[in-house]
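Numbering (my numbering), first residue to last: 16 to 243.
Presented below is the structure to which this report refers.
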């Protein structure tokens, strides 16, 4: 009996070890990389990979001094390359991030942001575990700045064109709302004072542009995006 219970605990211990999050650390200089790696090496929650093993990482930490929106910014070039070539979740550890750099990082798919001054081992591990689950993490003041920049972009670029961040115009959203209400093409046309052909064209444009299968898929997409 005791032997059987003991053998039952062994696999569980091994299973927990296998569940560690594989992370890779990329930095502008070896000193910065070594500093972060030394903080994480002994953490049981993480498995720190060598630089040559980066493709195996679930989470990649990018350590840098600053991030701007310059196209030749080394960090931006790296973030864009990671987005193109890696399925790993990216967390940025930076000393300074200006407003434009925040937007650029978001566009590059960065899931978490940490200030280097706040990057304690416990905090880095916490952000890594969140990122591994696909959850984002960012200091509240940086999040507020990002939202402010996004709002400014909305006013300057999208509103004048009648577009939303999802790439749908207000007219397209209006049609999808009525589709969600169960109206057919004729009823939608009457409700909005459009021709039936216009309604069909609007739905065709939406499904083609966003690679949606049909109007039902388009409605589901709009619901997930909180548009209707």
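We put the CB at the ideal spot given by N, CA and C, even for glycine.
Item                                                                                                                         : Value
For residue 4, the first and last residue of its enclosing alpha helix (DSSP H)                                              : Given a span of 16 to 243 for the chain in the structure shown, any question on residue 4 remains unanswerable.
Option in 88, 42, 104, 52 with minimal Cα separation from residue 72                                                         : 104
Contact check, residue 38 vs residue 64, beta carbons under 8 Å                                                              : yes
Residues bridged to residue 104 (per DSSP)                                                                                   : 74
Contact under 8 Å by Cβ, residue 136 with residue 227                                                                        : no
Start-to-end residues for the beta strand (DSSP E) that takes in residue 127                                                 : 125 to 130
Buried or exposed (CB count within 10 angstroms, at least 16 for buried), residue 127                                        : buried
Beta-carbon proximity of residue 125 to residue 107, cut-off 8 Å                                                             : yes
Three-way DSSP call (helix, strand, coil) for residue 111 in this model                                                      : strand
Residue 79 - partner residues in DSSP beta bridges                                                                           : 109
Cβ-Cβ separation, residue 152 to residue 145 (assumed contact under 8 Å), whole Å                                            : 5 Å
Status (buried if at least 16 other CB within 10 Å, exposed otherwise) for residue 115                                       : exposed
Residue 121 vs residue 74 beta-carbon contact at 8 Å                                                                         : no
Neighbourhood of residue 147 by C-beta distance below 7 Å, restricted to the same chain and skipping five residues each side : 36, 73, 74, 104
Any non-hydrogen atom of the ligand COA within 7 Å of residue 98 CB                                                          : The ligand COA is not among the ligands present in this structure, which contains no ligands whatsoever.
Burial state of residue 223, where buried means 16 or more other Cβ atoms lie within 10 Å                                    : exposed
Beta-carbon proximity check, residue 140 vs residue 191, cutoff 8 Å                                                          : no
Local Cβ density within 10 Å of residue 187, reported as buried at 16 or more and exposed below that                         : buried
Backbone secondary structure at residue 85 - three-state DSSP                                                                : coil
First through last residue of the beta strand (DSSP E) which encompasses residue 42                                          : 36 to 42
Local conformation of residue 64 per DSSP, three classes                                                                     : coil
Cβ distance (whole Å) where residue 218 is taken to contact residue 230 below 8 Å                                            : 5 Å
Inter-residue Cα distance where the pair is residue 243 and residue 210                                                      : 22 Å
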